[in-house]
Amino acid sequence: MKTQRLTQSKKDLRVAAEILKKGGLVAFPTETVYGLGASIKKDTAVKKIFKAKNRPADNPLIIHVVDKKQMSVYARKIPSEAKLLMKKFWPGPLTMIFHNTPKVKKIVNPNNEVAIRMPSHPVARELIRLAGPIVAPSANLAGKPSPTNSKDVLADMDGRIDAIIEGKSDCGLESTVIEMKKKPFILFRAGAVTLEQLKENLGKDNVTVFKKQKGKKLVAHSPGMKYRHYSPEAKVILFTGSQKELEKLIRKESNVGLICGKKISLSKTSNIIQFNYSTKKVFAKNLFAWFREMDSLGIKTIYVKSVTENGIGRALMDRIRKASFKEI
């Protein structure tokens, strides 16, 4: 299969929409990461997503809609608190889990529920407007870092999907996922809509963070819960010590990668690839792209300095921990 490269022009978006309507797969930019889209009306296309990504069949898909009318076809029993979040954060990087209608097939979600979000990226919105609701996980091979640009999508998906719309994502991390079926509402995946924002809008006692119970079978209510995710080929080591301790450690290393906020002065012979950032927002936007770039450079070990787990730092630490080989 030859993967067609499309621009963001109106003409090419119409081409992409027709591919989706005919049962093809299209990778497209969203404000979070790149999505791999299929029409929810085409069961054969939805099945292609799992094959293209090597994705486990019990890993649910998120339905992307452009308005509440589309949402109402697939979700029911929408609580007033969810409507409040829609008003505040939709369109945007927030996925909510509701009771499903019979329109939601088991291949989309095997848990008798439905995960829905309304993206804000103009390309994603226009594509959904033209093609109808789209199911879309991230556009990468299962387990690898989510792509935030078309180059990284093609590294995984060239020849496996019908088309890609060129562009970039904004946030760099997947959407926040919260279950809204009953109180307390459960945060399954941290993202750009933070725990603090959710508690501020819903009440601090109405939001809880999911914790796996020992001895209980884990059900994947959200992508990112059950399987290995976000991992580069290199071994990621999460460093939780001080900046001074990190500097002491890294100066003994060579041929490794380093991601930290404050730049560390290194000798020219150390051969260490270093990426730095000024804010957590910048870190989030670049984390997965940096992982992929280090893989392309042949780096075998990547040290990542921890961040405080408030705001988007919670989402960052979630992704880093899941990508990590070990924590020191």
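In this note's numbering, the protein residues as written are 1021 to 1348.
Every residue gets a Cβ at the ideal spot worked out from N, C-alpha and C, and that includes glycine.
- K1125 and V1197 have their C-alpha atoms spaced approximately 20 Å apart.
- Counting along the chain, the unbroken beta strand (DSSP E) around K1346 starts and ends at 1344 to 1347.
- Going by beta carbons, L1150 and A1037 fall inside the 8 Å limit.
- Residue environment: I1270 is assigned as buried (16 or more neighbouring CB atoms within 10 Å of its CB, all protein chains considered).
- By the Cβ-count criterion, M1200 is buried, with 16 or more other Cβ atoms from all chains shown falling within 10 Å of its own Cβ.
- The shortest CA-to-CA distance from K1203 to any of K1068, F1345, S1100, W1310 is the one to S1100.
- The three-state secondary structure of L1307, taken from DSSP, is helix.
- According to the DSSP assignment, M1106 belongs to the alpha helix (DSSP H) that extends over 1100 to 1109.
- Apart from the 5 residues on each side of it in sequence, L1286 sits with its Cβ closer than 6 Å to the Cβ of I1292 in its chain, given in chain order.
- Rounded to the nearest whole angstrom, the CA to CA distance from L1238 to R1209 is 14 Å.
- By the Cβ-count criterion, A1077 is exposed, with fewer than 16 other Cβ atoms from all chains shown falling within 10 Å of its own Cβ.
- In this structure, I1184 is the residue among I1184, G1163, A1162 with its C-alpha nearest to the C-alpha of K1171.
- Taken atom to atom, the span from the alpha-carbon of A1335 to that of Q1294 is near 22 Å.
- Per the coordinates, the alpha-carbon of P1252 lies some 20 Å from the alpha-carbon of A1047.
- Residue state for K1042 is assigned as coil, using DSSP reduced to three classes.
- Following the DSSP letters along the chain, one finds Q1233 in no beta strand (DSSP E), marked with neither H nor E.
- CA-to-CA, the gap between N1330 and K1022 works out to about 43 Å.
- Scanning the stretch 1128 to 1160 from its first residue to its last, the whole alpha helix (DSSP H) runs of 4-plus residues come out as 1142 to 1151.
- For R1312, the closest of K1031, Y1250, V1143 by C-alpha to C-alpha distance is Y1250.
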